[in-house]
Amino acid sequence: VRDLVRVLLVALGFTTVALVIGLVALRVAREARERRRTVRMQALREVVLTALMGEPDEANRARSDLRGRTGPAWTDLEEQAFAMMPKIKGDSHDALVSLLVSKGAAAHAVALARSRSQVRRARGAYRLGALGQSEDLSTLLGLLRDHAFLVRRMTVRALGQVGNPLAVPPLLDALTADPRLTRDVLAALGRIGPVAAPHLRRELRRSLDEPSPDRRAALTATGLGVIGDVASVPLLVAALSDHGQPGLAAAAADALGSLGAPEAVRPLLGSVRRPDPELRVAAARALGAIGQPDVAGSLAAALCDGDHETSRAVAGALLRLGAPGREALETSASVYAAEALAVQRVRQGV
Amino acid sequence: VDLLAVVTWALNSFGWFFVGYSVLINTSFLTLTVLAVADFWAYLRRLDFAAYDETFAEALAPGISILMPAYNESAGIVESVQAMTALRYPDFEVVVVDDGSTDDTAARVVEAFDMVEVPIVVPEDILTSGRVTATYLSRRGSQNVLLVTKTNGGKADALNVGINAARKQLVCMVDADSLLDPDALLHVSRPFADDPERVVASGGVVRVANGSRISRGRVTGVRMPGRWLPRIQVVEYLRAFLVGRTGWSRMGALLIISGAFGLFRKDVLLELGGLARDCIGEDAELVVRLHRWLGDQGRDGRVVFVAEPVAWTEAPEDRAVLRKQRRRWHRGLTEVLTKHRAMLFRPRYGRVGMVSMPWFVAFELLAPFVEVFGVLFLGVALLLLWLDGSGLTHLQLVNQDVIWLLLGTSLLYAVVLTLTALAIEELSFRRYRGLRDILIAIWAAFEENLGYRQLNAWWRVGGAVEAWRRTKHDWGDMQRRGLGKT
């Protein structure tokens, strides 16, 4: 036992001393390395900015300097460029992309996307998205089926950046397979923009004919609202009816509100009286967003609904309908009407 | 019967018991540390491409109501609320609930934010004992601040009123004296985006702000405090809150989220009936009850810890205040574990029931008792050894090897764990910089074991006894110097 105790104590003592020395050494070494790196990256950043925004002769010199970099200098440049890319727009962004592509950054990103490490694959997807080259679409679409959530998520974001509408159906498939990607897919659809609309309309039409138990249809409707597709209003109005698909009617109501579709006012008024609280709130909000004053009277009837969220949403919507809405609120006994009017007075500094 | 033999046997048995306990508690913590390392490593590797800003600062992000219960917080309330209003998040409101303060807490908020009384409807979804007396809104349109004043009912009651008043999907509970990092909401809401169907609550790490530079309610220069109590608490928080909770979260068995910084789904809080008013550790109790509810309903829900968002808090700088805090914490833990003892070893509650709750009973609830008895034992044993060594007695009742082993496994092993936590911090978030700070932290890792730990254990024993005797408790009013004046 004595020997064992001795060995144990010596081991613990040794570990303690090693940790103390290691901590001090780590602190000193890392801070020195960080200082050196800061200086190096700052200098590199200035060269990149000059290459993108400098006077023509300075920019040319800076570009040839950047093109001439190899090995660790190129790795630093790649890192710096990808870090700067989200903050740079327009011609400078395009120039940076073309510099990176000319040095094989896209091929490097594709190689990363094929790595065995999920962190590298995610990094590869991120870089392909930042470069925004449609030529790499197939690589990204393949990554949508990756087993790692992180990789799939980065890929969804990247597809949004690439902006190719061919990615819309696979994006919806990825969403159906994993609802955790909801916000990412919607953000990607928003980035792809109006060119995604025909695919989404086709998808929603099919969903109305063949209802499914998942939220795919609801998210398609939300997507149409996000990209502002006015042509989808009749479809969205049709989606307001009860199709037995979770969240679809509420999502359609929200989308109609975003689109400001006056032809949806009557069906939305009907939806405010339906039993689903999520739909009632969405419909009330949409009516407020559309802003047709003549619905104030009918909408005010829902003020004393008994459900806080709906009452508050209805009061908020009435405020947006101008004088008729205010009148309806002033004559209502609902506490939410008094609240809405008082909040508006505060906001207007009355 | 040979009495001396019996005493020798008893002393050695006690010695081996304490050795075994120390090894178990420290090794279990080492396991949590290893799990935490895996989590930090994954987090750091994806930082450069994760684009969190882009991911969360978007219109589709769920709205958050930040609840700030306040009772006699006049000294720091304005600065805290100002800091909250400056957070980066697309859709949030700050709900300050003044729980019948006897000082001018409410008046100071009203004045600082140019507020007027407005009849905001506060539904009674959760029953409360205090009565809402007034609601105020800021006239400055850009600041979404709501002040609710109510009659005194305790912190849990104030939070319940805040939940009723909250108008967003997610509810963030913070202490009125907490300072959040600007991106804290962006980070702590991340799990809700990653897994919206399952995540029901997430908690952020709490760090000690003493010694750091604070400007306009923000920690702008992180430094180790020079004073002994706060500097020890810095390393204690790193080990227990940063590393420990990350490990538990990685294991899927996170039992506690700090009341100083936690985010919850409002609909779930309403289903749970809000915070318990009969319990001093209402934040811990809420999370344990949440786990219980999930298990009873057979729902697949997750409570996660996010190590990056930071809430800064002022740690007590004098012994009397620290004593009060630790007694309160341990009393809370005792009440929670006693109240939910039916969850112990029940597979229905998953890893929480099978792993973390038994661990908390064995190594948190009972630890101070074992520590106090261990110290007494050590004192007696060392005295007997000294008597033998000085030739005054020749009893040889104590096995010297056991004593050395006990010192090694209880003190040295603990130092190793704390140093490991410091190393993890150094390799990951690196909030502290400079040689001075690391030397102070290393010294604190040793110093913690020489008096502080033992005192702490004694105070915690008092907390457990208070819980079992069910003595009256109050808001837990702590005297603070005020952040920014440190």
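Chain order of the listed sequences is Y and R. All residue numbers for the first sequence refer to this note's numbering, where the first residue is 378 and numbers rise by one. All residue numbers for the second sequence refer to this note's numbering, where the first residue is -19 and numbers rise by one. The C-beta atom is built at its ideal place from N, Cα and C for all residues, glycine as well.
For Asp417 of chain R, the enclosing alpha helix (DSSP H) starts and ends at Leu415 to Glu427.
In chain order, Ala50, Thr85, Arg88, Val89 and Ala156 place their CB closer than 7 Å to the CB of Ile57 of chain R, counting only its own chain and leaving out the 5 sequence neighbours on each side. Between the alpha carbons of Gly183 of chain R and Gly232 of chain R lies a distance of about 13 Å. One thing to note: Val101 of chain R has its Cβ no nearer than 8 Å to the Cβ of Val720 of chain Y.
Taking the CA atoms as reference points, Phe285 of chain R sits about 12 Å from Phe244 of chain R. Inclusion of Leu527 of chain Y and Ala499 of chain Y in the CB contact set at 8 Å is warranted, their separation being smaller than that value.
The Cβ neighbour count for Gly702 of chain Y, taken over all protein chains shown within 10 Å, is at least 16; the residue is labelled buried. In this structure, the beta-carbon distance from Asp174 of chain R to Asn144 of chain R does not fall below 8 Å. Arg257 of chain R is not a Cβ neighbour of Gly443 of chain R, given a cutoff of 8 Å. Counting along the chain, no alpha helix (DSSP H) covers Leu255 of chain R, and no H or E run does either. Note on Arg593 of chain Y: 16 or more other CB atoms within 10 angstroms of its CB, so buried under the neighbour-count rule.
Here the stretch 388 to 403 of chain R makes no contact with the stretch 166 to 173 of chain R; the two share fewer than three CB pairs at distances below 8 Å.
DSSP lists R:Ile46 and R:Leu243 as the bridge partner or partners of Cys152 of chain R. Boundaries of the beta strand (DSSP E) around Asp79 of chain R: Phe72 to Asp79. At a Cβ-Cβ threshold of 8 Å, Leu517 of chain Y and Ala502 of chain Y count as neighbours. Per DSSP, the continuous alpha helix (DSSP H) segment holding Met418 of chain Y begins and ends at Arg379 to Met430.
Separation of Gly333 of chain R and Val355 of chain R (C-alpha to C-alpha, rounded to the nearest whole angstrom) is 31 Å. The beta-bridge partner set that DSSP reports for Ser195 of chain R consists of R:Arg198. DSSP, read as helix, strand or coil, puts Ser589 of chain Y in coil. Within the stretch 684 to 695 of chain Y, those residues whose Cβ lies closer than 7 Å to any Cβ of chain R are, in chain order, His685. For the pair Arg203 of chain R and Gly191 of chain R, the CB atoms are nearer than the 8 Å cut-off.
Counting the other CB atoms within 10 Å of its CB gives Glu707 of chain Y a total below 16, which places it among the exposed residues. The DSSP-derived three-state label of Arg440 of chain R is helix. Apart from sequence neighbours up to five positions away, the residues of its chain that approach Glu686 of chain Y with a beta-carbon distance below 7 Å are Pro654 and Val658, ordered along the chain. Under the Cβ criterion of 8 Å, Pro652 of chain Y is not counted among the residues facing chain R. For Tyr393 of chain R, the chain Y residues whose Cβ falls inside 7 Å of its Cβ are Leu389, in order along the chain. In the three-state DSSP reduction, Phe172 of chain R falls in the helix class (H, G or I). Using a C-beta cut-off of 8 Å, the stretch 396 to 405 of chain Y makes contact with the stretch 404 to 411 of chain R, since at least three inter-stretch Cβ pairs fall below that distance. Annotated three-state conformation of Val179 of chain R is strand, per DSSP.
Selection R:Asp78, R:Leu165, R:Phe349 and R:Leu159 evaluated against Leu126 of chain R yields R:Asp78 as nearest (Cα-Cα). For Ala710 of chain Y, the three-state secondary structure derived from DSSP is coil. Here Phe325 of chain R is near Pro338 of chain R, since their CB atoms are less than 8 Å apart. In terms of Cβ geometry, Leu633 of chain Y and Leu646 of chain Y do not form a close pair [threshold 8 Å]. Listed in chain order, the positions of the stretch 391 to 405 of chain Y with a beta carbon within less than 8 Å of a beta carbon of chain R are Thr392, Thr393, Leu396, Val397, Gly399, Leu400, Val401, Leu403, Arg404 and Val405.
Contact with chain R is absent for Arg493 of chain Y, since none of that chain's Cβ atoms lies less than 8 Å from the residue's Cβ. Using a Cβ distance threshold of 8 Å, Leu250 of chain R and Leu270 of chain R do not count as a contacting pair.
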